[in-house]
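Residue numbers 1 to 270, in full-length UniProt numbering, belong to the letters of the sequence shown in order.
Where a beta carbon is used, it is the ideal one built from N, C-alpha and C, also for glycine.
As the structure is a computational prediction, the values presented were derived from the model and not from experiment.
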Amino acid sequence: MSDYKAFRVETQDKIAHVTINRAEKVNAMNADFWTEIIDIFRWIDETDDIRVVIVSGAGKHFSSGIDLAMLASVGSELGNDVGRNAQVLRRKILQLQASFNAVDQCSKPVLAAIQGYCLGGAIDLISACDMRYSTTDAQFSIKEIDMGMAADVGTLQRLPRIIGDGMMRELAFTGRSIDGEEARQLGLVNRTYADQQALLDGVFAIAREIAAKSPVAIRGTKEMIRYMRDHRVDDGLEYIATWNAAMLQSADLRVAMAAQMTKQKADFAD
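See below:
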């Protein structure tokens, strides 16, 4: 692994722990963040002995969202021509979207562990993760509305499928903050924990449980769930039939069945 400026990446028990590592800046998402996250998730996808990913934030907060200094630097690229300015801004927005698309499209399950602030762009990030967990006192807010803009990096596209359309609209239109307990009630997070250490212990326990499963089966399950966001039921049934025509020939199926019959722990190849 390379050294990163905005992240710390560690591996243990077939889990990649990706930590936003700018605690002194409330883990604001600077230019390094947006480029490095693509490299990190490409590496994770290509590394067979990584089976699960945990995304967290160093220090007291998960992330305060996009770094305002970065927004200012984008503004400095604009000139007097509206058409050319629009092209510059559109290109930049698509670049930022690609960063969280890399998270969404990762073939391994991605779990977010959230404490403190989870604001603006941080909501875009956790919306691209498979599951979300938080401390009870975490603070979530779609802050873009208070900056005079519409969220444009994935929140408005992914969040309705997580918490439902009506609540997403309320949070997006008002920008109001919700705590971890309300987030759990809405389905934004699966579970809450009393403090940051309990959060990490709990999320790592879930990640280790997932990592012990067949990586072929986990990848197929994630791919089918992701595919069904944008397709009809009959499309999904056709796809899983084609997918499993190959994947059911994997040795993992025999290993899993033998483990079930002997009541022993299965040991799957990467």
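Within 8 Å, strictly: CB atoms of residue i and residue j
| i | j | result |
| --- | --- | --- |
| Ala-102 | Ile-38 | yes |
| Tyr-193 | Thr-135 | yes |
| Val-9 | Ile-50 | no |
| Ala-28 | Ser-63 | yes |
| Gly-180 | Ile-142 | no |
| Trp-34 | Leu-96 | yes |
| Val-26 | Tyr-117 | yes |
| Ile-240 | Met-257 | no |
| Cys-106 | Asp-45 | yes |
Reference residue i, options the options, closest by Cα
| i | options | result |
| --- | --- | --- |
| Thr-47 | Lys-108, Arg-132, Arg-232 | Lys-108 |
| Ile-126 | Gly-65, Arg-51, Ala-269, Val-216 | Gly-65 |
| Ser-73 | Gln-185, Ala-128, Lys-92, Asn-80 | Lys-92 |
| Ser-56 | Ala-122, Leu-96, Asp-81, Val-82 | Ala-122 |
| Arg-184 | Ala-138, Ala-217, Val-203, Lys-143 | Ala-138 |
| Glu-24 | Gln-157, Trp-34, Lys-60, Leu-186 | Lys-60 |
| Leu-199 | Val-233, Glu-170, Ile-54 | Ile-54 |
| Lys-213 | Asp-45, Asp-201, Ala-269 | Ala-269 |
| Val-18 | Leu-253, Ala-151, Val-203, Gln-260 | Val-203 |
| Asn-21 | Asp-45, Ala-58, Ala-258 | Ala-58 |
| Val-115 | Gln-196, Glu-238, Ala-259, Trp-243 | Val is not the amino acid found at residue 115; the sequence shown has Gln there. When each option's Cα is compared against that of Gln-115, the closest is Gln-196. |
| Leu-119 | Ser-76, Leu-171, Met-70 | Leu-171 |
| Ala-151 | Arg-254, Asp-81, Leu-94 | Leu-94 |
Straight-line Cα distance separating residue j from residue i
| i | j | result |
| --- | --- | --- |
| Leu-90 | Val-110 | Correcting the residue type first, residue 90 is Arg in the shown sequence and not Leu. Between Arg-90 and Val-110, the C-alpha separation is close to 28 Å. |
| Ile-178 | Gly-166 | 15 Å |
| Met-247 | Lys-222 | 14 Å |
| Ala-6 | Asp-32 | 6 Å |
| Asp-130 | Gln-87 | 32 Å |
| Gly-236 | Arg-219 | 15 Å |
| Leu-231 | Asn-30 | For the sequence presented, residue 231 should be read as His rather than Leu. Near 35 Å, if we compare the C-alpha coordinates of Asn-30 and His-231. |
| Tyr-227 | Ala-251 | 25 Å |
| Gln-264 | Lys-14 | 20 Å |
| Ala-16 | Val-52 | 6 Å |
| Arg-191 | Asp-104 | 20 Å |
| Gly-75 | Asp-201 | 41 Å |
| Trp-243 | Gln-249 | 11 Å |
| Thr-11 | Phe-173 | 39 Å |
| Arg-229 | Val-82 | 36 Å |
Residue i Cβ short of 7 Å to the ligand ZN heavy atom set
| i | result |
| --- | --- |
| Ala-269 | The ligand ZN is absent from the structure shown, which contains no ligands of any kind. |
Spatial neighbours of residue i in its chain, beta-carbon cut-off 6 Å, leaving aside the 5 residues before and after
| i | result |
| --- | --- |
| Asn-85 | Leu-78 |
| Ala-245 | none |
| Tyr-4 | Glu-36 |
| Met-168 | Leu-159, Pro-160 |
Contacting residues, own chain, Cβ-Cβ under 7 Å from residue i (five flanking each side not counted)
| i | result |
| --- | --- |
| Leu-188 | Arg-132, Phe-140, Ile-162, Ile-163 |
| residue 276 | Because residue 276 is not part of the residues shown, which for the chain are 1 to 270, the question remains open. |
| Arg-158 | Ser-127, Ala-128 |
| Met-70 | Asn-30, Ala-31 |
Close-in-space but distant-in-sequence residues of the same chain around residue i (CB under 8 Å, 5 per side omitted)
| i | result |
| --- | --- |
| Val-255 | Ser-214, Ala-266, Asp-267, Phe-268 |
Taking contact to mean 3 or more Cβ pairs, one atom from each stretch, closer than 8 Å, check whether the stretch 140-148 and the stretch 200-214 are in contact. no
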